[in-house]
Every structure is written in structure tokens, then in C-alpha cells.
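A short worksheet on the structure shown next.
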DNA sequence: AGTGAATTTGAAATTCATTATCATCATAGG
DNA sequence: CCTATGATGATAATGAATTTCAAATTCACT
Ligand SMILES: [Mn+2]
Ligand SMILES: [Mn+2]
Ligand SMILES: [Zn+2]
Ligand SMILES: [Zn+2]
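Take a look at the structure:
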């Protein structure tokens, strides 16, 4: 964890940047915080530690992490971007449109089929996004918990 | 085509709406125009026929079509929404991040696997979005056409 | 520690797609 | 024609994200 922060710092310096307190705090909180976080959520979390961090810095830091491939930018269509650590392996998402819960899954067979589809179209894929929207177990219509409206 | 417009008009009336010239023009141009269109593009196309149509009406109409399930709202992550006819069967997209071209594909095996994944998670899917980003044939790095940077 | 160039910061201003407002217009039924 | 109500288009408002900018911080070099 500390070594991760060091590694990132190093990379920033290599790019011609300088270390900074606020940014380091944002990065640390980002990797400790629950995933699929919005900038607003992350800003609040950071401010618990350092009240004076501006949201502009959070926006900047999260974009920087995405540029360095340490974070992934997500968009579940609700009007604000979310971010997740990019340290874990690639995965796709199930998004509950009732409670907003996000579940992750891996399905190598889907990945393979995507490669095939791309190849069939002479297309060189660099990334993809597969989001499945619907209702999670708790919010499912007809579920016992929801029987009485 | 005319029958489509009539059918939509009928549905709007059933919802408690009235017919209107501007809206009818937007709808007709929408179904004649190339797909994956932005509101700005659609507004320009409509104004070739009727200079006085306001973009607010185009926004409203396209949202209405989406609500009535005649149109689908798309978001390829470039900051503006796109719309396509929802008369054709479901399909997913290949998006070139160089030239912006969009290609469509159907892969029933992917659809099936998605159902399975959802079921495994006790999730009731209502829709999904699969976008593959990369470089199309023309924009592919290493392509003859791009050999000289 | 001091100096100075370069980067970063936080607040505020700006951007830009989209939505809401509202006075006016069009539609449709009696 | 009348009237009720929905629709329009110009404009204002919204809100997430970006940019601006003066002040603060970092850091290599004395
Ligand atoms: Mn995830
Ligand atoms: Mn399409
Ligand atoms: Zn749920
Ligand atoms: Zn291309």
C-alpha cells in the first residue's frame, strides 16, 4: 500500500511533476475507499482527514490516476462519473437501477467472443464496457421483501 | 414510414398529447437520418426543412421517442448523447476512437452468457450496454494508409 | 537556511450539454 | 368561434467537470 503510493509518486516525478500533500491524501483515500466512487464521495472522504482539500484537486487527481492507468473511469449513466482502482483484473458490472448497488463479474467466454467479433469487423479493440442493468436480489420485483409494495 | 409516424402520433394522443407540426418533422427526420445521431446533428437536419424549430423541441422529442420505446439513448463517452431508432433488433457497438465511426454487431452467444451471469448473481437484467472501443479498419495503427504517421 | 524556477493548490469563474421556465401559439373538441 | 390544454421556442437555469489565477508548495541548487 505504501509501496503503491511510492510507485505512483515516482511515476509522477518521472512525468515532470512534484509531490504534494493534498494529492497524496486523495490517492491514499482513493485506494482505501470502497470502489465505484464518485468525485463527491471521494472528496467527502478526503475531507474527513484534511478539511481544506478542494474538489478541483480531487477531480485532477482522479484524472491523473486514470491517465497513469491506476484508476478506471466508469459511467453508469446517472450523470456523474465514478472511479475504481485499476489494480484488480478486468471485470464487468451488474448495476441495480433501484438501489444503485454494483456487482462485478468476470466471464472469459464473453471476452473471447468480443475479440472474435472485433476481428470479424477488422477492428482493433483497445477496451470495452459491458454493463448489465436491472434489479438486484434485494430489489427484484416479486421478491418476498417487496411483496407488499 | 408514414404508417410509423401515424402509429406514434396515435400513441402520443393516447398518452394525452396533441399532434404538432414541429414534433412530427423531428420524428420524420429522425427516422430518415443516419443513426447514432446527436441532438445537434438532428437539429441541423430538421432545420434544413423548417428553420424555426428550436433545439428544445428536438431534445423533448427525442426523449419522448425514447420513453415510447421508439428510440434508444446512447452514450459513447464523448460528452453528448446519441440516439438511434429502436425499430431494429437489439445490437451492440464497435466505436472507433480515432474517427468516431460506429459499427453494429449481434452475437447471440454473448447475450446468452449475459443472461447466465445475471442469473448466477440473482440479478434480473432489464437491459445492457456493450461497447467495444478501438480502431476501425481505416484508422488501425500499422495500416498501410497510416504507415507515414 | 536561502533563492528561484516550476508545479500545485483551492476558490472562483467558466464551459457545455441538457433541462426548466414561461409567455405565446397551435390543436381539438364542443 | 370558444375555450381548455398541450406544445413551442427563446431564454434562463442547472450541474458536473474544467479552467483560471494568485498564492502556496516543492525541490534542485547554493
Ligand atoms: Mn468494478
Ligand atoms: Mn446502433
Ligand atoms: Zn438493488
Ligand atoms: Zn476509425
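Chains as they are written, first to last, in our numbering: chain C, 1 to 149; chain F, 1001 to 1149.
Note that CB positions come from ideal geometry on N, CA and C, so glycine has one too.
8 Å Cβ shell around residue i - same chain, five flanking residues per side excluded
i, result
"residue 1081 (chain F)", "1038, 1039, 1073, 1074, 1075"
"residue 1099 (chain F)", "1136, 1138, 1139"
"residue 89 (chain C)", "106"
"residue 1104 (chain F)", "1091, 1092, 1093, 1094"
Reduced DSSP secondary structure (H/G/I, E/B, other) of residue i
i, result
"residue 149 (chain C)", "Legend: pLDDT at residue 149 (chain C) = 45, less than 50; position of this residue unreliable, value from coordinates given subsequently. Looking at residue 149 (chain C) - three-state DSSP - the assignment turns out to be coil, as it is neither helix nor strand."
"residue 128 (chain C)", "strand"
"residue 1038 (chain F)", "strand"
"residue 1 (chain C)", "coil"
"residue 1076 (chain F)", "coil"
"residue 153 (chain C)", "In the structure as shown, chain C begins at 1 and stops at 149. Residue 153 (chain C) is therefore absent and cannot be evaluated."
"residue 1059 (chain F)", "helix"
"residue 22 (chain C)", "helix"
Distance between residue j and residue i (C-alpha atoms, nearest Å)
i, j, result
"residue 1064 (chain F)", "residue 1015 (chain F)", "11 Å"
"residue 1023 (chain F)", "residue 1132 (chain F)", "33 Å"
"residue 1017 (chain F)", "residue 1041 (chain F)", "26 Å"
"residue 1093 (chain F)", "residue 1055 (chain F)", "27 Å"
"residue 1011 (chain F)", "residue 130 (chain C)", "33 Å"
"residue 87 (chain C)", "residue 1047 (chain F)", "49 Å"
"residue 121 (chain C)", "residue 1031 (chain F)", "26 Å"
"residue 13 (chain C)", "residue 1028 (chain F)", "56 Å"
"residue 1053 (chain F)", "residue 1059 (chain F)", "11 Å"
"residue 124 (chain C)", "residue 118 (chain C)", "7 Å"
"residue 3 (chain C)", "residue 127 (chain C)", "28 Å"
"residue 1149 (chain F)", "residue 9 (chain C)", "In this prediction, residue 1149 (chain F) scores a pLDDT of 44, lower than 50, which makes its location untrustworthy; no coordinate-derived value is stated."
"residue 20 (chain C)", "residue 1 (chain C)", "18 Å"
"residue 79 (chain C)", "residue 57 (chain C)", "20 Å"
Among the options, the one whose alpha carbon lies nearest that of residue i
i, options, result
"residue 83 (chain C)", "C:94, C:96, C:61", "C:61"
"residue 35 (chain C)", "C:115, C:102, C:97, C:69", "C:102"
"residue 1085 (chain F)", "F:1097, F:1116, F:1067", "F:1067"
"residue 950 (chain F)", "F:1118, F:1050, F:1128", "Shown here, chain F extends from 1001 to 1149; a query on residue 950 (chain F) therefore has no answer."
"residue 1077 (chain F)", "F:1071, F:1070, F:1069, F:1096", "F:1096"
"residue 7 (chain C)", "C:79, C:141, C:69", "C:69"
> Near ligand 2, which residues have their beta-carbon less than 5 Å from any of its heavy atoms, given in chain order?
Replying inline: Listed by chain position, these are F:1084, F:1104.
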